[in-house]
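One structure below.
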Amino acid sequence: NAGVTQTPKFQVLKTGQSMTLQCAQDMNHEYMSWYRQDPGMGLRLIHYSVGAGITDQGEVPNGYNVSRSTTEDFPLRLLSAAPSQTSVYFCASSSSGDTQYFGPGTRLTVL
Amino acid sequence: GQQVMQIPQYQHVQEGEDFTTYCNSSTTLSNIQWYKQRPGGHPVFLIQLVKSGEVKKQKRLTFQFGEAKKNSSLHITATQTTDVGTYFCAGQNTGNQFYFGTGTSLTVIP
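Heads up: the protein sequence lines correspond to chains A and B, in order. Position one of the first sequence corresponds to residue 1 (my numbering), numbered consecutively onward. Position one of the second sequence corresponds to residue 112 (my numbering), numbered consecutively onward.
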């Protein structure tokens, strides 16, 4: 079991560029979520999904899109990157709200 | 909206001293989870509390969930250098969302 994997580990973007952060899990978990972590602010939920084909917004969804076409994958899309989206992004999965398993994170810098 | 406050933000202790971090929610929670994040790492699940007044222990760590299910604490007895990291609580309401506290960064001075 690889658990939760995220790619890339690091990314630098220019303002206005788009990109997709990848997240995959091999534990057959229904629940997946994306968080961003900023200094002094803990982890804030961006979007989450309770199963394939179902997504919902979290606390800070603006500027981000998600889709869940399979149980395994939950990509996060930035359509037009802004400096305010500089952050560390974590993907997590769990079995219906139980223990959340986090991926290693993606450190994103937007210039 | 849902808020989970955590104090203190930072704590420096001498090795062997005790440490406590507190978590307070503005609304009643269905459960609360605690995570530890080492510097440069990702959050790692420690425990989940579900019942009102619940107390759970893991070696030197003691976790409590308040009677009203709006607050929780994590207490570490006789800290060691391996305890260094940031401790987060995460409260879940009746929906599917988890709301993380801002975290307490623990430094242990040998």
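Glycine residues also receive a C-beta, built at the ideal position from the N, C-alpha and C atoms. Predicted model only: the values in this text are computed from it and were never measured.
Between residue i and residue j, how many whole angstroms is the CB-CB distance? I'm expecting something under 8 Å.
{"i": "A/T86", "j": "A/P8", "result": "Going by Cβ atoms, the distance from A/T86 to A/P8 rounds to 15 Å, so no, they are not a contact pair."}
{"i": "B/Q148", "j": "A/Y48", "result": "The Cβ separation is near 20 Å, so there is no contact."}
{"i": "A/P83", "j": "A/V110", "result": "5 Å"}
{"i": "A/E72", "j": "A/D26", "result": "7 Å"}
{"i": "A/T21", "j": "A/F90", "result": "Just to set this straight, residue 21 of chain A is Leu in the shown sequence, not Thr. About 10 Å separates the two Cβ atoms, so there is no contact after all."}
{"i": "B/C134", "j": "B/S216", "result": "About 15 Å; that fails the 8 Å criterion."}
{"i": "A/G103", "j": "B/H153", "result": "7 Å"}
Going by other Cβ atoms of all chains shown within 10 Å of its Cβ, with 16 needed for buried, is residue i buried or exposed?
{"i": "B/Q203", "result": "buried"}
{"i": "A/L79", "result": "exposed"}
{"i": "A/K14", "result": "exposed"}
{"i": "B/A189", "result": "exposed"}
{"i": "A/I46", "result": "buried"}
{"i": "A/H29", "result": "buried"}
{"i": "A/G51", "result": "exposed"}
{"i": "A/S93", "result": "buried"}
{"i": "A/F10", "result": "exposed"}
{"i": "B/A201", "result": "buried"}
{"i": "B/I187", "result": "buried"}
{"i": "A/R77", "result": "exposed"}
{"i": "B/Y121", "result": "exposed"}
{"i": "B/P150", "result": "exposed"}
{"i": "A/Q100", "result": "buried"}
{"i": "B/T205", "result": "exposed"}
Please name the residue, chosen from the options, that lies closest to residue i on a Cα-to-Cα basis.
{"i": "B/T218", "options": "B/G127, B/F211, B/V115, B/Q114", "result": "B/G127"}
{"i": "A/S112", "options": "B/N142, B/Q120, B/D194", "result": "With chain A running from 1 to 111 in the structure shown, residue 112 of chain A is simply not present."}
{"i": "B/I220", "options": "B/N135, B/D129, B/V115, B/Q120", "result": "B/D129"}
{"i": "B/T192", "options": "B/V124, B/Q120, B/C134", "result": "B/V124"}
{"i": "B/I118", "options": "B/G206, B/T205, B/T197", "result": "B/T197"}
{"i": "B/Y146", "options": "B/F156, B/T138, B/G152, B/S137", "result": "B/F156"}
{"i": "B/S136", "options": "B/M116, B/G214, B/E165", "result": "B/M116"}
{"i": "B/I158", "options": "B/G151, B/F174, B/G152", "result": "B/F174"}
{"i": "B/L160", "options": "B/P150, B/G214, B/F176", "result": "B/F176"}
{"i": "A/A24", "options": "A/D98, A/T5, A/G16", "result": "A/T5"}
{"i": "B/F199", "options": "A/M19, A/I54, A/M41", "result": "A/M41"}
{"i": "B/R171", "options": "B/S163, B/D194, B/G164", "result": "B/D194"}
Note down, in chain order, every chain A residue with its Cβ under 8 Å from the Cβ of residue i.
{"i": "B/Q159", "result": "D98, T99"}
{"i": "B/N207", "result": "Y31, Y48, V50, D56, G97"}
I want to verify the contact list: residues of chain A whose CB lies under 9 Å from the CB of residue i, in sequence order.
{"i": "B/P154", "result": "Y35, Q37, L43, F90, A92, Q100, F102"}
{"i": "B/F199", "result": "G42, L43"}
Just to make sure I have the definition right: I need the residues of chain B whose C-beta is within less than 9 Å of the C-beta of residue i. Which are they?
{"i": "A/G40", "result": "Q120, T213, G214"}
What does residue i reach in chain B if we use C-beta pairs closer than 7 Å?
{"i": "A/G105", "result": "H153"}
Next on the checklist: Taking contact to mean 3 or more Cβ pairs, one atom from each stretch, closer than 8 Å, check whether the stretch 27-47 of chain A and the stretch 62-77 of chain A are in contact.
Outcome noted: yes
Item to check | Inter-stretch contact (C-beta, 8 Å, three-pair minimum) for the stretch 175-191 of chain B and the stretch 134-149 of chain B | outcome: yes
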